[in-house]
Amino acid sequence: MKNIVERLLQGDRRALARMVTLIENEVPAVRRYLAELHQHAGRAQIVGVTGAPGAGKSTLVTHLVRELRRRDCKVGVVAVDPSSPFTGGAILGDRIRMMELSGDPNVFIRSMANRGNLGGLAASTRDVVRAMDAAGYDPILVETVGTGQAEVEVMRTAQTVMVVVAPGMGDDIQAIKAGIMEIADIFVVSKSDKPGSNQTAAELAMLLSLDPLRRSHEPARWRIPIVRTSAINNEGIEQLVETLRKHRDYLVESGMLAERAQRQVRGEVEALILHAVINALKAITSEAEWQQLVEEITSRERDPYSVASELEKRIGLL
Ligand SMILES: Nc1nc2c(ncn2[C@@H]2O[C@H](COP(=O)(O)OP(=O)(O)OP(=O)(O)O)[C@@H](O)[C@H]2O)c(=O)[nH]1
Ligand SMILES: [Mg+2]
6 MKNIVERLLQ GDRRALARMV TLIENEVPAV RRYLAELHQH AGRAQIVGVT GAPGAGKSTL
66 VTHLVRELRR RDCKVGVVAV DPSSPFTGGA ILGDRIRMME LSGDPNVFIR SMANRGNLGG
126 LAASTRDVVR AMDAAGYDPI LVETVGTGQA EVEVMRTAQT VMVVVAPGMG DDIQAIKAGI
186 MEIADIFVVS KSDKPGSNQT AAELAMLLSL DPLRRSHEPA RWRIPIVRTS AINNEGIEQL
246 VETLRKHRDY LVESGMLAER AQRQVRGEVE ALILHAVINA LKAITSEAEW QQLVEEITSR
306 ERDPYSVASE LEKRIGLL
């Protein structure tokens with residue numbers, strides 16, 4: 006019998022589903038599998054879809070998947086949020102459409118729960134994306150609510166980041182500016198059938214014109230496009246797929262794809278080590294011991310530095 010890695014590489018969906026579960030459960034053997042998968046990955050365009058809660062991300066992803074299927078792509082979707090896409094605010098029709106899509110053998114959809122661990126969520130999302138990539142899915146869409154640091158971390162694993170903004174969310178534009186502005190490659194004004202979408206698009210254009218230093222470390226400039234879509238009128242989706250393709254071409258031609266990948270890799274290795282250290286620490290300490298240590302430090306009997314040194318010694322770091 007063939008092993009899980011071989012079956013996954015041949016496109017066996019059950020093997021892929023099993024691999025995703027192993028990744029989510031942080032089964033130790035998964036590292037070995039992922040190591041084998043690494044050489045087969047790296048072909049897919051990884052597209053992040055982020056934005057405020059209710060901005061229309063899942064609806065957009067559903068429409069994108071349909072358009073990509075029309076173009077004969079084998080599409081992967083990772084929804085990094087417990088409330089997406091099946092239990093979230095998507096109207097029934099969209100939820101049903103998403104379900105229909107998941108019956109298509111060339112669409113693989115998984116939602117992942119945020120387990121609160123910052124490095125952990127981004128790392129397991131990256132691993133799931135790598136498994137889908139090795140299984141031949143391209144592109145892979147990663148949806149996450151763009152609110153916290155953990156979500157921004159997840160988006161850093163994408164090559165193309167789409168930030169979705171719905172009309173009438175004026176305050177959110179400020180939030181975007183503070184948080185995910187610097188990682189956006191494409192802005193999408195969703196729900197363009199609604200009043201106020203002109204204004205939202207204008208505000209975004211204004212914001213972009215105010216920020217000429219964005220990504221100044223990138224030598225070749227990409228003018229961030231603003232694409233307006235409406236799921237109701239089925240507008241802008243084809244244009245968005247074209248824009249995704251253009252961004253992919255830009256990344257390849259400018260050398261930015263390789264540069265971003267290089268930056269990612271170092272961070273990934275560091276994160277793996279950090280994660281291992283934290284796990285080792287958890288394995289040698291109990292809650293009771295932590296409580297005592299915390300008390301001793303706060304009452305100034307001890308200091309954080311010598312406590313850290315002692316624990317570092319115990320896990321073999323010093
Ligand atoms: N009028 C209109 N409503 C839309 C459109 N797209 C989405 N909606 C509605 O907006 C609401 C939120 O859509 P979702 O796709 O669930 O948004 P989301 O960003 O995935 O939400 P969370 O995952 O919960 O953060 C739903 O009620 C959708 O029906 C659109 O193009 N036009
Ligand atoms: Mg959603």
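Numbered per our numbering, the sequence shown spans residues 6 to 323.
The beta-carbon is built from N, C-alpha and C at its ideal position, and this holds for glycine as well.
Since the model is a prediction, treat every value here as computed from it, not as a measurement.
Secondary structure of residue 196 (DSSP, three-state): coil. Taking a cut-off of 8 Å on C-beta distances, the segment 123 to 132 does not touch the segment 223 to 239, as fewer than three cross pairs fall below it.
Judged by pairs of C-beta atoms under 8 Å, the segment 25 to 42 does not touch the segment 50 to 60, as fewer than three such pairs exist. DSSP places residue 233 in the strand class (E or B) of the three-state scheme. The Cβ atoms of residue 298 and residue 320 lie no closer than 7 Å to each other.
Taking 7 Å as the cut-off, the Cβ atoms of residue 80 and residue 73 count as close. The count of Cβ pairs closer than 8 Å, one atom from the segment 288 to 297 and one from the segment 259 to 276, stays below three, leaving the stretches out of contact.
Here the segment 56 to 70 lies against the segment 189 to 200, with 3 or more beta-carbon pairs under 8 Å apart.
Ranked by Cα distance from residue 237, the options 76, 266, 25, 64 are led by 64. DSSP links residue 146 through a beta bridge to 52, 82.
For residue 278, the enclosing alpha helix (DSSP H) stretches over residues 261 to 289. Between residue 163 and residue 150 the beta-carbon gap is near 14 Å, outside 8 Å, which marks them as no contact. Judged by their CB atoms, residue 115 and residue 83 are nearer to each other than the 7 Å cut-off.
Annotation for residue 143: 48, 49, 50, 78, 79 place their beta carbon closer than 7 Å to its own, counting only its chain and skipping 5 residues before and after. Taking 8 Å as the upper bound for CB-CB distance, residue 197 and residue 233 are in contact here, some 4 Å apart.
Taking all protein chains in view, the Cβ of residue 156 is crowded by 16 or more other Cβ atoms within 10 Å, so the residue is classified as buried. In this structure, the alpha-carbon of residue 322 lies about 21 Å from that of residue 302. The three-state secondary structure of residue 31, taken from DSSP, is coil.
In the DSSP assignment, residue 12 falls within the unbroken alpha helix (DSSP H) covering 9 to 14. Within the same chain, Cβ atoms closer than 6 Å to the Cβ of residue 171 are found at 60, 61, 195, 196, the five residues on either side in sequence being excluded. Residue pairing by DSSP puts residue 191 in a beta bridge opposite 167. A distance of 7 Å or more separates the beta carbons of residue 206 and residue 188.
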